[in-house]
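Residue numbers (this note's numbering), protein chains in the order written: chain A, 1265 to 1613; chain B, 1265 to 1613.
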């Protein structure tokens, strides 16, 4: 049910049906007020756009609803057909995506074809940070054990050997200090942990007791109770946490990964968990997603798993649309776009 | 294995074997330096103290290890024999307990016999607050659903209908503004919730957007996404949350109770959860503990249960011993004791 208002100068904006109905009118108004007459080309996975519609597309918004249940490597029909249209649109100039991470292979492909891409860094940062803290607290307070006991209607107080270690005063090392890492540090500080941040270059930062560069990671790991990964996946961060670094950590230490699965050498992590070289992990992301049913991670002790959902909340789509709207005005005004991606080769912090 | 250093003026301090070995020497040193010669009478559940030992006891410390797995109504042998000794010690003047709540029936009995009691309010406040936030975040981020899926090795992303509501900006009503309530408010504010405090008399408080008196509770409940109970059990707070007040709440609202089970009318809560008049609850405390296996709470949807363990952490016993040590100096100096309990009849805030 794609609608085209044919006009030489009208910019086609390719959006999902959900966005068209929730925000279509507002987007066209914004566009028009910014001096760029626009029309919507609405995605319909059962019917590709006509050649005229395709030719009119200059802008596209890849919203949360289009991603649906797709993983990075396995695209559901809604997303697969959306990407087909992106590839087929000869005049596409700019794609706004809904994630902070820019590691889907078709992003690089579109970028190499000259399409500008903007991430939605920050749109779900608060939700990711909340989820990281939720996972850390769940491990700290033994929530998986509560739920197991609850399923058996069993009263199992955390007394004697089950008393968990005092959380306040523990030391968290947070890797990555974008919006997500900063928010995690702030909340962990409110929970009275000692917080060390790790980023490309050392600096000072409110709520962080200390900020060190990646080159000092080895020196802070032996003193960490928690290693929280919240960095983008880059060539610098791929397998940042490998077998050697896991061996630097304390047996009582636990890991939280809301970054990307590839930031950890997953085989080395499995080995460390099996050997109780580290005490546990909350993992939202994995080297292969969906995490295969045969992965040992599913039932290793001390491991809590979520299905790449840390950033999901009803606020995410709204945040993405707000960022898109702001960028739409900038696009119309030929200003620099917010969060423009410089390609996979460019380093990220 | 009770040891008595008999001396007319030496104050007997009745403690557990665990406290005697971890802190016995330090306690006696503190005592002596404060001008009160003391000796330890060490609890041994297999052998009650001799009449001479009993007569020498003036001070007692009911530490975390003595409580063990005892509930309020069901005392394990360690605690039951400890209480027997308290009742049998004719010269007992002061008992330091390890909890913030003073609602064990034998506290009132000892108080009526003229024994002074001090609570350990604050000793586990941070752990209770952490646990309240852990439970709230677990419900907000659907951790029980993660764990259920994990048990089935099932990849179940929170997409589509499973997307949880945005947490930042939600409204939490925190009832009780002692150390626990204040800490909960502070952390929820760091998580960017709107926080209303409820206490005996309205006031202002950092981190709280608003503080109202109990008489305004009805007016804030309809706007609450979270109702967090962190007040002591008093005649004013018994069944504070009854069927009428539950009906004032929104269907999406959820309840966190780290106070005492009796603060909620449990039958009314069960009915409200069954009828989906409220969306869920994290409950650490219950009208009857251990929670009976036949309670419907165990498997009502949206309910997360822990076994009266919110305050348990390795830091608790240390905090109790620190408070006891401070009070020991005050007792020796005949100064006012910290956290002295005024009896069940006195109102608490």
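Ideal Cβ positions, reconstructed from N, Cα and C, are used throughout, including at glycine.
Proximal chain B residues relative to residue i, where beta-carbon distance stays under 7 Å
i, result
"residue 1408 of chain A", "1411"
"residue 1451 of chain A", "1454 and 1455"
"residue 1598 of chain A", "Going along chain B, no residue has its Cβ under 7 Å from residue 1598 of chain A, so there is no contact; the nearest lies around 33 Å."
Residue i - containing beta strand (DSSP E), residue span
i, result
"residue 1491 of chain A", "1490 to 1493"
"residue 1462 of chain A", "1458 to 1463"
"residue 1474 of chain B", "1474 to 1477"
"residue 1359 of chain A", "1358 to 1360"
Cross-chain neighbours of residue i in chain A, by beta carbon under 7 Å
i, result
"residue 1414 of chain B", "1562 and 1569"
"residue 1557 of chain B", "1417"
"residue 1554 of chain B", "1419"
"residue 1397 of chain B", "1401"
Residue i - containing alpha helix (DSSP H), residue span
i, result
"residue 1601 of chain A", "Run containing residue 1601 of chain A: none; DSSP gives neither H nor E here."
"residue 1510 of chain A", "1507 to 1512"
"residue 1452 of chain B", "1443 to 1454"
"residue 1617 of chain A", "Any question about residue 1617 of chain A goes unanswered here, given that chain A covers just 1265 to 1613."
Contacts that residue i makes with chain B (C-beta to C-beta distance below 8 Å)
i, result
"residue 1394 of chain A", "1401, 1404, 1405, 1431, 1432 and 1455"
Beta carbon proximity, residue i to chain D, threshold 7 Å
i, result
"residue 1274 of chain B", "The structure shown has no chain D; the protein chains it does contain are A and B."
Contact test: residue i Cβ vs the ligand MN heavy atom, cutoff 6 Å
i, result
"residue 1599 of chain A", "Judged by which ligands are present, the structure shown has none, so any question about the ligand MN falls away."
Selection of the segment 1570 to 1583 of chain B by Cβ proximity to chain A, strictly under 7 Å: 1570, 1571, 1572, 1573, 1576, 1577, 1578 and 1579
Every unbroken beta strand (DSSP E) within the segment 1366 to 1437 of chain B, with a cutoff of 3 residues, ordered by chain: 1380 to 1382
Interface positions of the segment 1418 to 1438 of chain A facing chain B (Cβ-Cβ less than 9 Å), listed along the chain: 1418, 1419, 1420, 1421, 1422, 1423, 1424, 1426, 1427, 1428, 1429, 1430, 1431, 1432 and 1433
Runs of alpha helix (DSSP H) lying entirely within the segment 1271 to 1349 of chain B, each at least 4 residues, in chain order: 1281 to 1297, 1315 to 1320 and 1328 to 1331
Interface residues of the segment 1350 to 1369 of chain B facing chain A [CB-CB below 7 Å]: none
Complete beta strand (DSSP E) runs within the segment 1517 to 1584 of chain B (minimum length 3 residues, chain order): 1518 to 1521, 1544 to 1547 and 1567 to 1569
Inter-stretch contact at 8 Å, needing at least 3 Cβ pairs: the segment 1392 to 1408 of chain A / the segment 1518 to 1536 of chain B: no
Segment contact, 8 Å Cβ cut-off, at least three pairs: the segment 1427 to 1445 of chain B with the segment 1411 to 1419 of chain B: no
Touch test, the segment 1437 to 1447 of chain B against the segment 1583 to 1596 of chain A, Cβ-Cβ under 8 Å, three pairs minimum: no
Contact residues within the segment 1328 to 1345 of chain A, judged by C-beta distance below 7 Å to chain B: 1332 and 1333
Stretch-stretch touch, CB-based, cutoff 8 Å, three pairs: the segment 1295 to 1304 of chain A with the segment 1342 to 1350 of chain A: no
Residues of the segment 1372 to 1390 of chain B whose Cβ lies closer than 9 Å to any Cβ of chain A, in chain order: 1390
Segment contact, 8 Å Cβ cut-off, at least three pairs: the segment 1588 to 1604 of chain A with the segment 1284 to 1292 of chain B: no
Residues, ordered as in the chain, of the segment 1457 to 1479 of chain A that lie near chain B by beta-carbon distance below 8 Å: none
Three or more C-beta pairs below 8 Å linking the segment 1323 to 1332 of chain B and the segment 1359 to 1371 of chain B: yes
Three or more C-beta pairs below 8 Å linking the segment 1550 to 1558 of chain A and the segment 1457 to 1469 of chain A: no
Contact the segment 1348 to 1356 of chain B vs the segment 1555 to 1572 of chain B: 3+ CB pairs below 8 Å: no
Any 3 or more C-beta pairs closer than 8 Å across the segment 1480 to 1494 of chain B and the segment 1504 to 1518 of chain B: yes
Cβ contact (3+ pairs, closer than 8 Å) linking the segment 1596 to 1609 of chain B and the segment 1452 to 1460 of chain A: no
Stretch pair the segment 1494 to 1509 of chain B + the segment 1372 to 1380 of chain B: three plus CB contacts closer than 8 Å: no
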